[in-house]
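S.K.:
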Amino acid sequence: AILMSCVFVVAGMYLQAEKSADYDKNWPHWRGPGKMGVSPNGDPPLEWGESKNVKWKKAIPGKGHATPIIWGDRVFILTAVETNKVVRPAEQTDEQQGGRRRGPRGTKATNVHEFIVLAMNRHTGEILWQRTVAEELPEEATHDLGSWASNSPITDGEHLYAYFGSRGLFCFDMEGNLKWERDFGQMSKRNEFGEGSSPALYRDKIIINWDHEGQSFIVALDKKTGKDIWKVDRDEGSTWVTPFVIEQEGKSQIIIPASKLVRSYDVETGKLIWECGGLTSNCIPMPIVIDGIVVVMSGHRGFSLMAIDLSKAKGNITDSDAIVWTLERDTPYTPSPVLYDNKLYFLKSNNGILSCFDPKTGKEFYSKQRLEEMGGVYTSPVAAKDRIYVVGLNGTMYVVQHGPEFKILAKNKLLDKFNASPAIVGNRIYLRGYKNLYCIEKE
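This is how it looks when you write it as structure tokens:
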């Protein structure tokens, strides 16, 4: 449903911060106030370009694919800025090594980086404060299409929680005063793909998913102190999934899709509630929930979608009647889906190929609708005002009509590259590019 109150009922979610009347007027999480990719009060423009409907455009130092989050009059950005301090020599190029390298492309840092949190005025783009949380050489590599600042921050309107993965988690007040910090160690990701999972916030807890090639775990922290409330080891390899917290039949649970098993944990204790096999490897997309049904999906070296009835989910539910419907085609690798007014939208792999389904029954409204010339899609679509917004890597962006029939409303272009997902507040859409942060508003 479009109204936020309806979204909460549908999703079964209950976040302490969401009690605030201001919550749905902001973008406090990389998937928006309801974590479904929807701005309930948003009404951004249909069309824009470098010389049309750009309210402001500001260069952002360094590189980061963390989604900007917004609270009140502030936009918060995470970035990693390369310094001139050289620590290790550059690796040889494929040509210097005498041939083309096969497999995924990873990049090792040669220079020390500054890991920076920026608070900007969302009306003007002016930098209000800037904090460096770490200055070091990243030990880990990152994918050529990734960054060392791909984990998005989160806020409850009182504090900002800036997460940099292997750099740690940093809690600031809204004026930029550091309250506490946590170091979780060093991740080792599969095939040097880099990091990207973001934290989840639920009442007094921050949830961190630490899936990698070492000992994986999930941990719940006290948001006021950063101290562990509980921590549970996971038998899992690398994922990039942000934890999804819901309430079902009066009980709060954390759902984390993964390559071996989708698992659900009790928010209060960390105890395993249910688990289910069936996804592909390298899980990234965030789940969605509607009327007690959770939809999980993945799209690396195969396609998989499962819709699970939470009322029947206890223990190992693999191949059980708790699974309402499945799909083995056209699911996303990197982008998360959008749930908007009982319509589930998702992209195929990392391409501009859009599908729309009924999330409760699996009824197909349409599929395989191609959005041309996007150069790949690594951002997650967002929705507002009966429209779906899809942002391509090469700056080509589409606005699609919400509803059971596929219709393109607009095709736009900006002269930047984009891997950070959009944020919508009011009549503005904020787009974080490789070089710039754009604020788009109808003139």
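The sequence shown runs contiguously to residue 449 in our numbering. Yeah, the Cβ is synthetic: ideal placement off N, Cα and C, and Gly gets one too.
1) Take the Cβ of S204 as the centre, count every other Cβ of all protein chains shown within 10 Å, and call the residue buried at 16 or more, exposed below.
2) Taking 8 Å as the cut-off, decide whether the C-beta atoms of S287 and H306 are in contact.
3) Would you list the one or two residues that DSSP bridges to L443?
4) Rounding to the nearest angstrom, what Cα-Cα distance links Q102 and V92 in this structure?
5) Could one say the Cβ of Q192 lies closer than 8 Å to chain D's Cβ atoms, at least one of them?
6) Give every residue of the same chain whose Cβ lies closer than 6 Å to the Cβ of G381, excluding the five residues on either side of it in the sequence, and list them in chain order.
7) Is DSSP giving N322 helix, strand or coil here?
8) Are the Cβ atoms of M312 and G284 separated by less than 8 Å?
9) Just tell me which of R173, I83, G256, M180 has its CA closest to the CA of L166.
10) What is the DSSP secondary structure of C12, counted as helix, strand or coil?
11) For K41, does the count of other Cβ atoms within 10 angstroms reach 16, so buried, or fall short, so exposed?
12) By alpha-carbon positions, which one of G298, D241, I261, Y208 ends up nearest to K229?
13) Distance, Cα to Cα, K211 vs V295?
14) With distances taken from CA atoms, which of Y339, R434, L316 is nearest E449?
15) Would you identify the three-state DSSP class for E281, choosing helix, strand or coil?
16) Assuming E53 and A416 are in contact, meaning their beta carbons sit under 8 Å apart, how far apart are those beta carbons, in whole angstroms?
17) With H, G and I counted as helix, E and B as strand and the rest as coil, what does DSSP make of G171?
18) Using 10 angstroms around the beta-carbon of R94, count the other beta-carbons present and answer buried if the total reaches 16, otherwise exposed.
19) Can you give me the C-alpha to C-alpha distance between V273 and K64, rounded to a whole angstrom?
20) Specify the secondary structure class of K423 as computed by DSSP and reduced to three states.
21) For I160 versus R137, is the C-beta spacing smaller than 8 Å?
22) In chain order, what residues of the same chain lie with their CB nearer than 6 Å to the CB of I290, ignoring the 5 residues before and after it?
23) Output the residue ranges of the alpha helix (DSSP H) runs that lie fully inside the stretch 212 to 248 and measure 4 residues or longer, sorted by chain position.
24) So, I430 versus P50, is the Cβ gap smaller than 8 Å?
25) Mapping DSSP to helix, strand and coil, what is R196?
26) Short of 6 Å in beta carbon distance, which residues of its chain neighbour K349, apart from the five on each side in sequence? Order them along the chain.
27) So, at 8 Å on beta carbons, what are the nonlocal neighbours of S172 in its own chain, with the 5 sequence-adjacent residues on each side left out?
28) I want to check one thing, is the minimum distance from the CB of G163 to the heavy atoms of the ligand FAD below 7 Å?
29) One question on the structure: do V383 and G358 come within less than 8 Å of each other, judged by their Cβ atoms?
30) Mapping the DSSP letters down to three states, classify L134 as helix, strand or coil.
31) Can you tell me which of the three DSSP states D297 falls into?
32) Taking the beta strand (DSSP E) that D3 belongs to, which residues open and close that run?
33) What are the boundary residues of the beta strand (DSSP E) that includes A429?
34) Determine whether the beta carbon atoms of F424 and G439 lie at a separation below 8 Å.
35) When the Cα atoms are used, what is the spatial distance from Q259 to Y271?
M.R.: With the structure as the only source:
1) For this step, residue 204 is matched to residue 198 along the sequence shown. With 16 or more Cβ atoms within 10 Å of its Cβ, S204 is classed as buried.
2) Along the sequence shown, one-based indexing puts residue 287 at 281. Along the sequence shown, one-based indexing puts residue 306 at 300. Against a cut-off of 8 Å, the Cβ pair of H306 and S287 comes out as a contact.
3) Here residue 443 is taken as the residue at index 437 of the sequence shown, counted from 1. K64, R438, per the DSSP bridge assignment.
4) Looking up residue 102 in the sequence shown gives position 96. Looking up residue 92 in the sequence shown gives position 86. Low per-residue confidence applies at Q102: pLDDT is 42, beneath 50, and the placement is therefore not dependable enough to give any value.
5) Absent from the structure is chain D; it holds one protein chain and no more.
6) Here the question's residue 381 lines up with position 375 in the sequence shown. Closer than 6 Å at Cβ, skipping near neighbours: G398, L399, N400.
7) Here residue 322 refers to the residue found at position 316 when the sequence shown is read from its first residue. N322 falls in the strand class under three-state DSSP.
8) Here the question's residue 312 lines up with position 306 in the sequence shown. Here the question's residue 284 lines up with position 278 in the sequence shown. Their beta carbons are under 8 Å apart, which means M312 touches G284 by this criterion.
9) As a first step, residue 166 must be located in the sequence shown, where it is residue number 160. Selected option, being the one with the closest Cα: M180.
10) Here residue 12 is taken as the residue at index 6 of the sequence shown, counted from 1. A caution first: C12 carries a pLDDT of 38, below 50, which makes its placement in the model too unreliable to give a value.
11) Reading the sequence shown from its first residue, position 35 is the one you call residue 41. By the 10 Å Cβ count, K41 comes out buried.
12) Stepping through the sequence shown from its first residue, residue 229 is reached at position 223. For K229, the nearest C-alpha among the options comes from Y208.
13) Working through the sequence shown from its first residue, we reach residue 211 at position 205. Working through the sequence shown from its first residue, we reach residue 295 at position 289. Rounded to whole angstroms, K211 to V295 spans 20 Å at the Cα level.
14) The residue given as residue 449 occupies position 443 in the sequence shown. Nearest option by C-alpha distance: R434.
15) Sequence index remark: in the sequence shown, residue 281 carries index 275 (1-based). In the structure shown, E281 sits in a strand (DSSP, three-state: E or B).
16) Numbered from 1 along the sequence shown, position 47 holds the residue referred to as residue 53. Numbered from 1 along the sequence shown, position 410 holds the residue referred to as residue 416. Sure, about 5 Å apart at Cβ, within 8 Å.
17) Taking the sequence shown and counting its residues from 1, one reaches residue 171 at position 165. Helix.
18) Here residue 94 is taken as the residue at index 88 of the sequence shown, counted from 1. Answer is exposed; the Cβ neighbour count stays below 16.
19) Counting from one through the sequence shown, the residue named residue 273 turns up at place 267. Counting from one through the sequence shown, the residue named residue 64 turns up at place 58. Answer to the nearest angstrom: the Cα atoms are 40 Å apart.
20) One-based indexing of the sequence shown puts residue 423 at position 417. Of the three classes helix, strand and coil, the one that applies to K423 here is coil, per DSSP.
21) As a position in the sequence shown, residue 160 is number 154, starting the count at 1. As a position in the sequence shown, residue 137 is number 131, starting the count at 1. Not closer than 8 Å, so no.
22) In the sequence shown, the residue the question calls residue 290 occupies position 284. Answer for I290: W246, T340, listed in chain order.
23) none
24) As a first step, residue 430 must be located in the sequence shown, where it is residue number 424. As a first step, residue 50 must be located in the sequence shown, where it is residue number 44. For I430 and P50, yes; Cβs fall inside 8 Å.
25) For the purposes of this step, residue 196 is taken as residue 190 along the sequence shown, with counting starting at 1. Residue state, collapsed to three classes: helix.
26) Position 343 of the sequence shown, counted from the first residue, corresponds to residue 349. Closer than 6 Å at the Cβ level, and outside the excluded window around K349, lie C362.
27) Residue 172 sits at position 166 when you count from the first residue of the sequence shown. Contacts found: P144, E145, E146, F190, G191, Q192, M193, E201.
28) This structure lacks the ligand FAD; in fact it carries no ligand of any kind.
29) The residue given as residue 383 occupies position 377 in the sequence shown. The residue given as residue 358 occupies position 352 in the sequence shown. In this structure, G358 lies closer than 8 Å to V383 by Cβ.
30) Residue mapping note: residue 134 aligns to position 128 of the sequence shown, counting from 1. Here L134 sits in strand by DSSP.
31) Within the sequence shown, residue 297 is the residue found at index 291, counting from 1. Coil, per DSSP.
32) Outside the displayed span of the chain (7 to 449) sits residue 3, for which this structure offers no information.
33) By one-based count along the sequence shown, residue 429 stands at place 423. Segment 429 to 431, the beta strand (DSSP E) holding A429.
34) One-based indexing of the sequence shown puts residue 424 at position 418. One-based indexing of the sequence shown puts residue 439 at position 433. Result yes, Cβ atoms of F424 and G439 sit closer than 8 Å.
35) Here residue 259 refers to the residue found at position 253 of the sequence shown. Here residue 271 refers to the residue found at position 265 of the sequence shown. Spanning the two alpha carbons is a distance of roughly 5 Å.
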